[in-house]
Ligand code: SF4
Ligand code: SF4
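Numbering (the working numbering), first residue to last: 18 to 506.
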């Protein structure tokens, strides 16, 4: 079956079945829809867990209900409700798959309120992949993406990204006319199929009218033509590309300064939003296109790290192989792609960093580091950014209490679960205030939006800054470029 045909059928299946938005709680009960039945690619064939390849039921059954992860789970800690813990969610999935769930509405609540932060998996001895298990349940819940994330938006982003960009610029232009709420009121963001975008866009002073990908594609120094080797390739994630252009440009400057010369891969969206909001076949299509682009460059340059500057996207791309379990052609290609992906947080060794100038540090004030969930729990990145920040900031660096407590951003969680998101954020803000930080360094654009929105209202003495932007600012004029800039894979 062709990919497009498969996508169309996926869409039709949902519409024909009258699958409602998440609130209507379409959940498989007697029929085990997630396990042992052909689902047209709407679910993963298998999960790649730390204990090996598992089907969804066996993965959920690995949870022995020990409760060791309970105190790591933000939704459990804030509500005290067992059903809103990892143990509760895994239990619900087992019951759903066995056709024994007494209350599909309670199961729906449990699954839709999970932050997908992965703190439970980090704490779990069995490494139960609760976020992936929850997502499998949610895919059915959301009518395979027909609720939150519109098919038209995904299709436009896939096949006509220029049109998606044009529409976004129109919304930004309306904002610049001095009528900041008009774009949201006119439903411009809703028409894009991504209503959470209004919140993200309101986090920047001046929404960009030229996206990072446009600027980087025109930079002759970043083009692959005429070159025989590269030290890195830059992957522009949607946040840095469409909203935080300065993050993308800072990442490229930091890479050139500390890792030598590289290229811009001219990628597509990584597919994370499609993946997290039910559209698995679309996510696979985004992945295939990025894999193909990577393979083109690899054929010319051999191995190189593919660097992204949003931890959510980097973590997702590192898991591309899981999208293609059961697909003999694409699985190894996805695994090779995933092995090349690096988060900017992990790729610059502290040894290559010069000490920052005192006047620049003065402006940054007291610096602390927030562990984005998809960096700490999704990729295991904790040490590398801290080493760099400590080297740069010295005694101005301070550890953030509960640094890996989720900020509540979690993609569009702040939009879909506003009250729970605000409660999760409140604890993060209190921790930031407790160490009197002025600069909170983050690695994911979702955290940038969420933490800055909270700080503006509750603790304006501090600001969240992306890791690349801080590094770029503090190391803008190095004494000399490292002789051996190449970064090994
Ligand atoms: S997810 Fe892991 S730590 Fe949490 S209850 Fe289950 S087995 Fe225990
Ligand atoms: S992913 Fe986060 S919110 Fe969801 S069960 Fe695990 S710790 Fe709790």
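For every residue, glycine included, the Cβ atom is placed at its ideal position computed from N, Cα and C.
The model shown is predicted, which means the values in this text are computed figures rather than measured ones.
Inset, instruction - Measure the C-alpha to C-alpha separation of residue 140 and residue 396 and round it to an integer number of angstroms. - result: Locating residue 140 in the chain shown gives position 123, counting from the first residue. Locating residue 396 in the chain shown gives position 379, counting from the first residue. Approximately 14 Å, taken between the alpha carbons.
Inset, instruction - Measure the Cβ-Cβ separation of residue 268 and residue 229 and say whether it is below 7 Å. - result: Here residue 268 corresponds to residue number 251 of the chain shown, with the count starting at 1. Here residue 229 corresponds to residue number 212 of the chain shown, with the count starting at 1. It is not a contact, given that the beta carbons lie outside the stated cut-off.
Legend entry - Status (buried if at least 16 other CB within 10 Å, exposed otherwise) for residue 287: Counting from 1 along the chain shown, the entry for residue 287 is found at position 270. Counting the other Cβ atoms within 10 Å of the Cβ of residue 287 gives 16 or more, which makes it buried.
Inset, instruction - Helix, strand or coil for residue 440, going by three-state DSSP, please let me know. - result: In the chain shown, counting from the first residue as 1, residue 440 sits at position 423. The three-state secondary structure of residue 440, taken from DSSP, is helix.
Inset, instruction - With a floor of 4 residues, list each alpha helix (DSSP H) that falls wholly inside the region 315–371, ordered by position along the chain. - result: For the region 315–371, the full-length alpha helix (DSSP H) segments reaching 4 residues or more read 328–335, 337–340, 347–357 and 361–364 along the chain.
Legend entry - Nearest to residue 255 (by Cα), restricted to the options 428, 58 and 379: Numbered from 1 along the chain shown, position 238 holds the residue referred to as residue 255. Among 428, 58 and 379, the Cα nearest to that of residue 255 is on 428.
Inset, instruction - For residue 227, name the three-state secondary structure that DSSP assigns. - result: In the chain shown, residue 227 corresponds to position 210, counting from 1. Coil, per DSSP.
Inset, instruction - Would you identify the three-state DSSP class for residue 135, choosing helix, strand or coil? - result: Looking up residue 135 in the chain shown gives position 118. Coil at residue 135, not helix or strand.
Legend entry - Heavy atoms of ligand 2 versus C-beta positions, residues under 7 Å: Any heavy atom of ligand 2 counts here; residues with a Cβ closer than 7 Å to one of them, in chain order, are 86, 89, 90, 91, 92, 93, 102, 103, 106, 131, 132, 133, 134, 135, 136, 137, 138, 147, 148, 151 and 423.
Legend entry - Contact belief for residue 309 with residue 370 at Cβ below 8 Å, rounded distance in angstroms: Mapped onto the chain shown, residue 309 falls at position 292. Mapped onto the chain shown, residue 370 falls at position 353. Not confirmed; about 35 Å, so no contact.
Legend entry - Rounded separation between residue 451 and residue 444 - CA only: If you number the chain shown from 1, residue 451 lands on position 434. If you number the chain shown from 1, residue 444 lands on position 427. Those two C-alpha atoms are separated by around 11 Å.
Legend entry - Whole alpha helix (DSSP H) elements within the region 418–468, 4-residue minimum: List check, alpha helix (DSSP H) in window: 430–433 and 435–451.
Inset, instruction - Look up residue 247 in the DSSP assignment and say whether it is helix, strand or coil. - result: Sequence index remark: in the chain shown, residue 247 carries index 230 (1-based). Three-state DSSP puts residue 247 in coil, outside helix and strand.
Inset, instruction - Counting only the same chain and skipping the five closest in sequence on each side, list residues whose C-beta sits under 7 Å from that of residue 259. - result: Here residue 259 is taken as the residue at index 242 of the chain shown, counted from 1. The answer, listed in chain order, is 185 and 228.
Inset, instruction - For residue 69, count neighbouring C-beta atoms within 10 Å of its own C-beta (all shown protein chains included) and say buried if the count is 16 or more, exposed if not. - result: The residue given as residue 69 occupies position 52 in the chain shown. Classification of residue 69: exposed, given that the 10 Å Cβ count is below 16.
Legend entry - Same chain only: Cβ atoms within 6 Å of residue 77, ignoring 5 sequence neighbours per side: Translated into the one-based positions of the chain shown, residue 77 becomes position 60. 107, 110, 111 and 150.
Legend entry - Cutoff 7 Å; reference residue 492; Cβ partners in own chain excluding five residues on either side: Residue mapping note: residue 492 aligns to position 475 of the chain shown, counting from 1. Taken in chain order, the residues that qualify are 274, 370, 371 and 373.
Legend entry - DSSP state of residue 18 mapped onto helix, strand, coil: As a working note, residue 18 is residue 1 in the chain shown. Residue confidence is low: residue 18 scores 38 on pLDDT, short of 50, so the model does not pin down where it sits. No coordinate-derived value is stated.
Inset, instruction - Run the CB neighbour count on residue 402, radius 10 Å, all protein chains shown included, and call it buried at 16 or more, exposed below. - result: Looking up residue 402 in the chain shown gives position 385. By the neighbour-count rule (16 or more Cβ atoms within 10 Å), residue 402 is buried.
Legend entry - DSSP three-state assignment for residue 384, whether helix, strand or coil: In the chain shown, the residue the question calls residue 384 occupies position 367. Here residue 384 sits in strand by DSSP.
Legend entry - Where residue 137 falls, given that 16 or more other Cβ within 10 Å makes a residue buried: Numbered from 1 along the chain shown, position 120 holds the residue referred to as residue 137. Counting Cβ neighbours within 10 Å, residue 137 comes out buried, since at least 16 surround it.
Legend entry - First and last residue of the uninterrupted alpha helix (DSSP H) at residue 271: Here residue 271 refers to the residue found at position 254 when the chain shown is read from its first residue. Where residue 271 is concerned, the enclosing alpha helix (DSSP H) starts and stops at 262–276.
Inset, instruction - Compute every distance between the C-beta of residue 84 and the non-hydrogen atoms of ligand 1, then say whether any falls below 6 Å. - result: Here residue 84 refers to the residue found at position 67 when the chain shown is read from its first residue. At least one heavy atom of ligand 1 is nearer than 6 Å to the Cβ of residue 84, so yes.
Legend entry - residue 480 - containing beta strand (DSSP E), residue span: Within the chain shown, residue 480 is the residue found at index 463, counting from 1. Where residue 480 is concerned, the enclosing beta strand (DSSP E) stretches over 480–483.
Legend entry - Residue-level contact to chain C via CB, residue 465, 7 Å cutoff: Judged by its chain identifiers, the structure shown contains no chain C, having just a single protein chain.
Inset, instruction - Alpha carbon to alpha carbon, how far is residue 482 from residue 406? Give it in angstroms, no decimals. - result: In the chain shown, the residue the question calls residue 406 occupies position 389. In the chain shown, the residue the question calls residue 482 occupies position 465. Approximately 13 Å, taken between the alpha carbons.
Legend entry - Rounded C-alpha distance that separates residue 311 from residue 120: Taking the first residue of the chain shown as 1, we reach residue 311 at position 294. Taking the first residue of the chain shown as 1, we reach residue 120 at position 103. Straight through space, the alpha carbons of residue 120 and residue 311 are spaced by roughly 46 Å.
Inset, instruction - Could you tell me the distance, in whole angstroms, from the CA atom of residue 455 to the CA atom of residue 475? - result: On the chain shown, position 438 is the one that residue 455 refers to. On the chain shown, position 458 is the one that residue 475 refers to. Whole-angstrom Cα-Cα distance: 13 Å.
Legend entry - Exposure of residue 436, with buried meaning 16 or more beta-carbon neighbours within 10 Å: The residue given as residue 436 occupies position 419 in the chain shown. Exposed, because fewer than 16 other Cβ atoms sit within 10 Å of the Cβ of residue 436.
Legend entry - Sub-7 Å separation of residue 183 and residue 173 beta-carbons: Position 166 of the chain shown holds residue 183. Position 156 of the chain shown holds residue 173. No.
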